[in-house]
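One structure is given below, encoded as structure tokens.
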Amino acid sequence: MEIVNVEKYYDKIQEKFPSLTKNQIERIVKFGLRSYYNHNLYGGDVLNKSPYFTMYTGKLFNDNILFYQYRLIKNRIKLRIKYKRSKVKYDGNYYFGLTEEEFENYKKQFKKTGRRRRKVTFDKIYAYKIKDECLMDHRYKHIFKLNYPADVGFILKLKNYTTRNFEYVFKRNKDNTIQPISYE
């Protein structure tokens, strides 16, 4: 098997795109190869399509359940790559969800008048920096926004966390749609 460098194809590319210089072609090709490498390095799958071929770099599955779990992981990676590339500044918020059982525990901390106490304790929280990443997990029926003073990465794990700096922002309906909450 012969190893071929990409420089060998610059002349053929320039024949198809005569308005581009060799320097421009080199920059475009190197950007594409670096992007391909970085996406694989981050753990993402790459799908290249054209009218003539389709190339997929990643795992293929026969089992639908394994494929679904794999796609959830890859969608998280995709969200994180997009978040890094967009260079969004940390706004001071993490998002976490509660299942129905955890939400009942949260409701037990309300006073008899229906108002919540000043501080609420959560047993176990997995807070996500990206709101869409939290919304991807369909186990969570109730989504909260947590005001956290420091940026500690994409996932924040907290146990027996007592806070007052949070608000109830979304509820997942039975038909799996997300409804914003305007009050608590």
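Numbering (the numbering used here), first residue to last: 10 to 193. For glycine and all other residues, C-beta sits at the position ideal for the given N, C-alpha and C.
{"Check": "Coil, strand or helix - E176 by DSSP", "Outcome": "strand"}
{"Check": "Cutoff 7 Å; reference Y45; Cβ partners in own chain excluding five residues on either side", "Outcome": "V55"}
{"Check": "Helix, strand or coil at M10 [DSSP, three-state]", "Outcome": "coil"}
{"Check": "Inter-residue CB distance, I90 and Y51 (contact presumed, cutoff 8 Å)", "Outcome": "6 Å"}
{"Check": "Under the three-state DSSP convention, the category N71 falls into", "Outcome": "coil"}
{"Check": "Y99 in three-state terms, based on DSSP", "Outcome": "coil"}
{"Check": "C-alpha distance - K25 paired with Y18, whole-angstrom precision", "Outcome": "11 Å"}
{"Check": "For G106, three-class secondary structure by DSSP", "Outcome": "strand"}
{"Check": "In DSSP terms, what Q188 is bridged to", "Outcome": "K180"}
{"Check": "Short Cβ contact (9 Å threshold) for V129 with T171", "Outcome": "yes"}
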